[in-house]
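Sequential numbering of the sequence shown, starting at 838, is according to this note's numbering.
Notes for the one structure printed next.
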Amino acid sequence: MPKYPKDDPNLPEDFQEPRPFNPVAWWVSIGLLCAVILASSIFVTGAYRNRRIYEAENYRPPYMFKLETDLKATNRDGEKISFNDDLFKKKVFVAGYQYTDCPAGCLGMAALMKDLHETFSEKYPHFQLVSISVNPAGDSPEKMNAWVKDKGIDTENWWFLTGDEKQIKSYMRDEFKMLETQEITDPAIVVAEGPLAHDQRLVIVDEFSNIRGFYRVMNPQVGAKEYERLKYDLEFVLEDFDPDDPSKQKLPSK
């Protein structure tokens, strides 16, 4: 580094000769900067972790809307079922829209619902499965009962409901907010997928008839993730309700 004579008349009055490079000071500065960055990273990571813990401890499936009116239907064993019965007020259920002449999607949905039965029924006796016929005119209780036994899904806590076609279709549309069923006319599609295109979501309904979630479990792109999300949410809803002491029920978050 060049030296400048202090008596050089061209130098400004406040001129100070550059200090020589100090490697120790340089490394100390770098160390302090790294320490600040590390501390900031730890703080941000800790805050994120605490937030995730809080969300996990306080998460509840949201309240979406309530089933306001009653549905009267007939179970596959001939028993008359009403959603206003006291029995329903002690149940958390997962509902799906199915029919016995469906050659593809309904079987996949039934397999998932069977897995829900095997996963939750023993731990939570207040868990119920409800399959509602897309085609009540073609699904008699006897036909549904034979279909259930043939598919190996004959369990007490799984209802297969049929009844008045007009009432059931309007109830599924207006109360469950299910998409309208469409009749398929293409013979090739009928053979592969069945004569009716219908909503294939599963729905969680809590003990107060609140809809707590819709799950696109049959969607080819997101079905697996949606099914895991359903099970995750269902565990919360089942855990929050004690059928022997309804006062312990936790209100859903809105």
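Every residue gets a Cβ at the ideal spot worked out from N, C-alpha and C, and that includes glycine.
### Message
Mapping the DSSP letters down to three states, classify Asn895 as helix, strand or coil.
### Response
Residue mapping note: residue 895 aligns to position 58 of the sequence shown, counting from 1. Here Asn895 sits in helix by DSSP.
### Query
Relative to the C-alpha of Lys988, which residue among Ile1041, Gln1004, Met950 is closest?
Here residue 988 refers to the residue found at position 151 when the sequence shown is read from its first residue. Among Ile1041, Gln1004, Met950, the Cα nearest to that of Lys988 is on Met950.
### Task
Tell me whether the beta-carbon of Trp984 lies closer than 8 Å to the beta-carbon of Asn912.
Taking the sequence shown and counting its residues from 1, one reaches residue 984 at position 147. Taking the sequence shown and counting its residues from 1, one reaches residue 912 at position 75. Not a contact, by the Cβ cut-off of 8 Å.
### Query
Using CA coordinates, which residue listed in Arg1053, Glu1065, Phe1051, Phe1045 is at the minimum distance from Asp922?
Your numbering for residue 922 matches position 85 in the sequence shown. Comparing Cα positions, the closest option is Phe1045.
### Query
Taking the C-alpha atoms as reference points, what is the distance between Thr906 and Ser968?
Position 69 of the sequence shown holds residue 906. Position 131 of the sequence shown holds residue 968. Each residue's Cα considered, the two are about 18 Å apart.
### Query
With a Cβ-Cβ cutoff of 8 Å, do Asn982 and Ser958 count as a contact?
Taking the first residue of the sequence shown as 1, we reach residue 982 at position 145. Taking the first residue of the sequence shown as 1, we reach residue 958 at position 121. No, they are not a contact pair.
### Integer-rounded CB distance, given that Thr999 should sit under 8 Å from Pro978
Indexing the sequence shown from 1 puts residue 978 at position 141. Indexing the sequence shown from 1 puts residue 999 at position 162. Correct: roughly 6 Å between the Cβ atoms.
### Query
What do you reckon, are the CB atoms on Thr956 and Lys1068 nearer than 8 Å?
Within the sequence shown, residue 956 is the residue found at index 119, counting from 1. Within the sequence shown, residue 1068 is the residue found at index 231, counting from 1. Yes.
### Query
To which residues does DSSP link Ser968 through a beta bridge?
Indexing the sequence shown from 1 puts residue 968 at position 131. Answer is Gly933, Phe997, bridged to Ser968.
### Alpha-carbon to alpha-carbon, Val1074 and Gly1060
Taking the sequence shown and counting its residues from 1, one reaches residue 1060 at position 223. Taking the sequence shown and counting its residues from 1, one reaches residue 1074 at position 237. If I take the Cα positions, the gap works out to 21 Å.
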